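Enquirer: Heads up, our numbering is the position in the sequence shown plus 281, with the first residue counted as 1. The structure that follows is given in the form of structure tokens.
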Amino acid sequence: MNYVYSVFNYIVSILDTFVPTDVIDILLVAFLIYKGFQLVRETRAKQLVKGILLLIIAYYASELLNLKSMSFLLLSIMQFGVIALVVIFQPELRSALERLGSTRMERARFFGGDADSVARRKTEEYIDEVCSAAQSMHRDRVGALILFERLVKLGEVINTGTVIDAKISDELICNIFYPKSPLHDGAMVIRDGRVYAAGCFLPLSHNQELSRELGTRHRAALGISENSDVLVVVVSEESGIISLVEHGIIKRNLTIDTLRIALEKALMPHNADNKKKSAFRVFGK
């Protein structure tokens, strides 16, 4: 009862010193914690967070039970383990920082004009070409790996392939991924609405929980999406299944219609109807 009484007095003393800015402080901390959980969700770092929470619970339990040796051991692990975790989870940390820095300030539009409608029309045109090519490759069981570069630049990936810098067309995409083409084994990079490079090599995902059904193309798509904000379309050579990969998450068995909707949602410039609201969404994702 003395412990409960002391806790109650402590809470009352905190409330006596409570000011309106404390509400802002609490909300900001809660928002940062929420965004932190969003960044590690569906990645290997999710298991890391669970492990850290278990260590913290074990440490406080040992302190409560006066287990001095165990407390010292757990405290040492948490202190010196931080450096090891930074090294082991470097790809996840890099991906999280890249997403954190990928605000859309550079895409914000404060004034109206025809630029939006022109950009939307061009985006619709090349999305139609990509979907048409995906439908042909799905029908003919031709494997493909198409990367849509967004805010995070893919210069390291482009350097491993051949620069083309050509207008996107159904015929060009199908010719590049034709089985006897010298560039068919690598990935294609689309930059600024153009086929910028082909035959590019990608890092494979190190996620040990992936299904054995996923081949090298899918693992490569997941690997590059774990470290950047790239959008990846994959066509399976064995089954013709169309998949979409983003932020380390794969969506399989897409139809051409669902693929087109997903690409338009991810790549289409801001809707002209939202121009007035865009000024207030500079930092929106």
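Note that beta-carbon positions come from the ideal geometry of N, C-alpha and C, so glycine has one too. Keep in mind that this is a model prediction, so the values were computed, not measured.
1. What does a CB cutoff of less than 6 Å around residue 474 pick up in its chain, not counting 5 residues either side in sequence?
2. Would you call the CB atoms of residue 469 and residue 426 closer than 8 Å?
3. Could you tell me which of 493, 499 and 284 sits nearest to residue 484, measuring between CA atoms?
4. Is it buried or exposed for residue 282, if we count other Cβ within 10 angstroms and need 16 for buried?
5. By Cβ distance below 6 Å, which residues in the same chain neighbour residue 510 in space, the five residues on each side in sequence not counted?
6. So, residue 355 versus residue 336, is the Cβ gap smaller than 8 Å?
7. Considering just the uninterrupted stretch of the beta strand (DSSP E) at residue 461, what are its terminal residues?
8. Would you identify the three-state DSSP class for residue 301, choosing helix, strand or coil?
9. For residue 453 and residue 515, what's the separation of their Cα atoms in angstroms?
10. Alpha helix (DSSP H) containing residue 539: first to last residue?
11. Across which residues does DSSP place residue 527 in a beta bridge pair?
12. Beta strand (DSSP E) containing residue 428: first to last residue?
Expert: Walking through what the data contain:
1. 403 and 407
2. Taking 8 Å as the Cβ cut-off, residue 469 and residue 426 qualify as a contacting pair.
3. 499
4. exposed
5. Taken in chain order, the residues that qualify are 383, 431, 432 and 433.
6. Yes; because the gap between Cβ atoms is below 8 Å, this pair is in contact.
7. Where residue 461 is concerned, there is no enclosing beta strand (DSSP E), given that its DSSP letter is neither H nor E.
8. helix
9. Each residue's Cα considered, the two are about 17 Å apart.
10. 537 to 548
11. Bridge partners of residue 527: 512 and 530.
12. 425 to 429
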